[in-house]
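**Q** Let me begin by handing over the structure; questions about it come next.
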Amino acid sequence: MEFRVTARRAQPDTADAPLLVLALTSGATLTPALTAVDAALGGALKRSLDRKDFRGSRDETLFLAGGAKGPQRVLLIGLGKPASIPTALKRAASVASRQARKAGVTSLAWFADDQSDVALEAVAVGLTMGFWEYTTTRSAPPEDERRAPLESAQMLVSDETAANAAIQRGTSIGDGINLARQLGMLPGNICTPDHLADTAREIAKRRGMTATILGRAEMKVEKMGSFLAVAQGTPQDPKLIILEHKKGPAGSKPVVLIGKGLCFDSGGISIKPAQGMEYMKFDMCGAAGVLGAMDAIGALNLPINVVGLVGSTTNMPSGEAMNPGDVVQSQLGKFIEIVNTDAEGRLVLADVLSYARRYDPAAVIDAATLTGACVVALGHAASGVFGNDQALIDEVLAAGKSSGDTGWQLPLFDDYKDLILTDAADIKNTGGRAAGAISAAMFLKEFAETFPWVHLDIAGTAYSETDLGFIPKGPTGVPVSLFVDFVRGRAH
Ligand code: BES
Ligand code: MN
Ligand code: ZN
Numbered sequence: 024m025e026f027r028v029t030a031r032r033a034q035p036d037t038a039d040a041p042l043l044v045l046a047l048t049s050g051a052t053l054t055p056a057l058t059a060v061d062a063a064l065g066g067a068l069k070r071s072l073d074r075k076d077f078r079g080s081r082d083e084t085l086f087l088a089g090g091a092k093g094p095q096r097v098l099l100i101g102l103g104k105p106a107s108i109p110t111a112l113k114r115a116a117s118v119a120s121r122q123a124r125k126a127g128v129t130s131l132a133w134f135a136d137d138q139s140d141v142a143l144e145a146v147a148v149g150l151t152m153g154f155w156e157y158t159t160t161r162s163a164p165p166e167d168e169r170r171a172p173l174e175s176a177q178m179l180v181s182d183e184t185a186a187n188a189a190i191q192r193g194t195s196i197g198d199g200i201n202l203a204r205q206l207g208m209l210p211g212n213i214c215t216p217d218h219l220a221d222t223a224r225e226i227a228k229r230r231g232m233t234a235t236i237l238g239r240a241e242m243k244v245e246k247m248g249s250f251l252a253v254a255q256g257t258p259q260d261p262k263l264i265i266l267e268h269k270k271g272p273a274g275s276k277p278v279v280l281i282g283k284g285l286c287f288d289s290g291g292i293s294i295k296p297a298q299g300m301e302y303m304k305f306d307m308c309g310a311a312g313v314l315g316a317m318d319a320i321g322a323l324n325l326p327i328n329v330v331g332l333v334g335s336t337t338n339m340p341s342g343e344a345m346n347p348g349d350v351v352q353s354q355l356g357k358f359i360e361i362v363n364t365d366a367e368g369r370l371v372l373a374d375v376l377s378y379a380r381r382y383d384p385a386a387v388i389d390a391a392t393l394t395g396a397c398v399v400a401l402g403h404a405a406s407g408v409f410g411n412d413q414a415l416i417d418e419v420l421a422a423g424k425s426s427g428d429t430g431w432q433l434p435l436f437d438d439y440k441d442l443i444l445t446d447a448a449d450i451k452n453t454g455g456r457a458a459g460a461i462s463a464a465m466f467l468k469e470f471a472e473t474f475p476w477v478h479l480d481i482a483g484t485a486y487s488e489t490d491l492g493f494i495p496k497g498p499t500g501v502p503v504s505l506f507v508d509f510v511r512g513r514a515h
């Protein structure tokens, strides 16, 4: 169902709305607009603050009953003491629309004093995110337990036309994030490499892009021995998906976004333990991030050339599967010893990075749920950021900051190269337990020598094993916002 976010010229105290949402920082005092709401509520707002029933701390919520006129209910949502206002607003808006949806409210009105473009956009992203719910493989609850669906949100503003442009940008980004989350949540038997390819074709059609799909046969012609080694054990046709958004000056070098698209990673012959293996359906979240970002970039009609590349397959044990000790030759000609078949993402990305050379890219950013070691190093609060060009790394870190998809840089010192040296080939695909996220990135670096490149290890940030309040258990949509902010920064 379509969820609509629009601007509405109205005051929060008199707006006739089933639910009014007010976002407040911790220790907030009543502004004139809030004083008017307080009067409409017979003083309930001020009393809640005075009694500290509501303190405005991050993610805190409190429902208040409305007065005789104006909003029928009020939801207070806390922003805490935010370091970044837009990020806090996005998060709060997502909590609010999730709550409204759960409460069975069909429409909500959002009000905050900050009506700057960035604030309005961030709120629209958050409201759109909170609306998303995974239902594809779940039966609807019985009729008498069903809640009315949340259908729309109005953002109360003083200037509708100015606000609507920012709101539309926000919903485009929110839709891209939700597309990535939907793809992530779909099980591996539905979200196959074929399904990702079909999704790319739909995006291309919807956004006036071109989609090109290579299968096993075409990749053999391309001599992608590294990617194909991973795909060797699966009966499903692997896909290299290419989406091209050509809205920049003709001939200007494109930004290339690359995603790891392992629709299921069993580990292959180096099979993973059964415990938690179901989470490896999320091993395509990098790919989902690229597709979601491309969809948003198309919707925003950004004047820039962008290429999205997705390497998609599954990693399965079988009689045909690659074995530890095998040596394969990548498209670049480098020989790779496969020491552990569970280090498959870097094998796929090696050939996708090599494929990117033909675009003579201005910058290449890959996103991959690449290593458990990155989760050990950084947990779930930041993606690992690695690269071969400090200016580009800084630009990506800045996009991470502005978008809320936080990244943290880890080093790629030459000394780490020793970790992936072997007697049997030019390099091997694992470097042991120490610095596992770094040795994986060092491996990728071997295939990114001819362009500025950044690698995002999103193993800890692409999905959550617990409900985070602003996001339910499951895929987070990282790094769609980072990609979009980066590309926007380059599109001037
Ligand atoms: N997809 C996994 C990494 C992963 C682990 C993502 C946990 C999300 C959560 C990747 O293909 C993998 O298996 N990596 C191995 C590398 C090792 C064999 C060198 C790992 O991290 O254990
Ligand atoms: Mn693996
Ligand atoms: Zn994997």
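Just remember that this note's numbering sits 23 ahead of the position in the sequence shown, which is counted from 1. Note that beta-carbon positions come from the ideal geometry of N, C-alpha and C, so glycine has one too.
Assuming LEU479 and GLY430 are in contact, meaning their beta carbons sit under 8 Å apart, how far apart are those beta carbons, in whole angstroms?
**A** Locating residue 479 in the sequence shown gives position 456, counting from the first residue. Locating residue 430 in the sequence shown gives position 407, counting from the first residue. Confirmed, about 6 Å.
**Q** CYS397 by DSSP, collapsed to three states: which one?
**A** Position 374 of the sequence shown, counted from the first residue, corresponds to residue 397. Helix.
**Q** For GLY500, which of helix, strand or coil comes out of DSSP?
**A** If you number the sequence shown from 1, residue 500 lands on position 477. Note: GLY500 maps to coil in three-state DSSP.
**Q** Could you check where the beta strand (DSSP E) with ASN201 kicks off and where it finishes?
**A** Taking the first residue of the sequence shown as position 1, residue 201 is located at position 178. No beta strand (DSSP E) contains ASN201, which is instead part of the alpha helix (DSSP H) from 183-208.
**Q** Would you report the Cα separation of LEU72 and TYR486, rounded to the nearest angstrom?
**A** Locating residue 72 in the sequence shown gives position 49, counting from the first residue. Locating residue 486 in the sequence shown gives position 463, counting from the first residue. In a straight line, the C-alpha of LEU72 is about 35 Å away from that of TYR486.
**Q** Would you please state the rounded distance, in angstroms, between the beta carbons of LEU314 and ILE226? I believe it to be under 8 Å.
**A** The residue you call residue 314 lines up with position 291 of the sequence shown. The residue you call residue 226 lines up with position 203 of the sequence shown. Right, the Cβ-Cβ distance comes to about 6 Å (below 8 Å), so this counts as a contact.
**Q** Which residues count as close to the ligand ZN when the rule is a CB under 5 Å from any of its heavy atoms, in chain order?
**A** Checking every Cβ against the heavy atoms of the ligand ZN under 5 Å gives LEU285, ASP288, ASP306, GLY368.
**Q** In the DSSP output, which residue or residues are listed as bridge partners for LEU280?
**A** Numbered from 1 along the sequence shown, position 257 holds the residue referred to as residue 280. LEU280 pairs with GLY331, ILE388.
**Q** Start and end of the alpha helix (DSSP H) containing SER249?
**A** Locating residue 249 in the sequence shown gives position 226, counting from the first residue. Where SER249 is concerned, the enclosing alpha helix (DSSP H) stretches over 248-254.
**Q** Kindly give me the distance between the Cβ atoms of LEU99 and TRP133, rounded to whole angstroms, as I take these residues to be in contact under 8 Å.
**A** Residue numbering aside, residue 99 sits at position 76 when the sequence shown is read from its first letter. Residue numbering aside, residue 133 sits at position 110 when the sequence shown is read from its first letter. Not confirmed; about 12 Å, so no contact.
**Q** For the beta strand (DSSP E) holding ALA88, just list the boundary residues, first then last.
**A** Counted from its first residue, the sequence shown places residue 88 at position 65. Start and end: 84-88.
**Q** Using beta-carbon positions only, say whether ILE108 and ALA142 come within less than 8 Å of one another.
**A** Residue mapping note: residue 108 aligns to position 85 of the sequence shown, counting from 1. Residue mapping note: residue 142 aligns to position 119 of the sequence shown, counting from 1. Cβ distance < 8 Å, so ILE108 and ALA142 count as in contact.
**Q** Pair every Cβ in the stretch 26-39 with every Cβ in the stretch 186-193, then say whether three or more of these pairs are closer than 8 Å.
**A** Yes: at least three Cβ pairs fall under 8 Å.
**Q** Sorted by chain position, which residues of the same chain lie with C-beta nearer than 7 Å to GLY555's C-beta, five sequence neighbours on each side aside?
**A** As displayed, the chain neither begins before 24 nor continues past 515, which places residue 555 out of reach and without an answer.
**Q** Please name the residue in PRO272, GLU241, HIS268 whose C-alpha comes closest to that of PRO261.
**A** Numbered from its first residue, the sequence shown carries residue 261 at position 238. Comparing Cα positions, the closest option is GLU241.
**Q** Got a sec: does the ligand MN put a non-hydrogen atom nearer than 7 Å to the Cβ of ALA390?
**A** Within the sequence shown, numbered from 1, the residue matching residue 390 stands at position 367. No - the ligand MN has no heavy atom lying nearer than 7 Å to the Cβ of ALA390.
**Q** For a test of your reading of the model: does the CB of ASN338 fall under 7 Å from any non-hydrogen atom of the ligand MN? Yes or no.
**A** One-based indexing of the sequence shown puts residue 338 at position 315. Yes, the Cβ of ASN338 comes within 7 Å of a heavy atom of the ligand MN.
**Q** For ASP288, which three-state DSSP category applies?
**A** Numbered from its first residue, the sequence shown carries residue 288 at position 265. DSSP places ASP288 in strand when its eight states are reduced to three.
**Q** Would you tell me roughly how many angstroms separate the C-alpha atoms of ASN338 and ASN346, rounded to the nearest one?
**A** Counting from one through the sequence shown, the residue named residue 338 turns up at place 315. Counting from one through the sequence shown, the residue named residue 346 turns up at place 323. Taking the straight line joining both Cα atoms gives about 12 Å.
**Q** State yes or no: is the C-beta of ALA482 nearer than 7 Å to some heavy atom of the ligand BES?
**A** To locate residue 482, count along the sequence shown from 1; it is residue 459. True, at least one ligand heavy atom lies under 7 Å from that Cβ.
**Q** Beta carbon of MET303: closer than 7 Å to some heavy atom of the ligand BES?
**A** As a working mapping, residue 303 is identified with position 280 in the sequence shown. Result yes, Cβ under 7 Å from the ligand BES.
**Q** In terms of alpha-carbon separation, which member of ARG380, PRO94, ASP412 lies closest to LEU332?
**A** In the sequence shown, residue 332 corresponds to position 309, counting from 1. Out of ARG380, PRO94, ASP412, ARG380 has the C-alpha closest to the C-alpha of LEU332.
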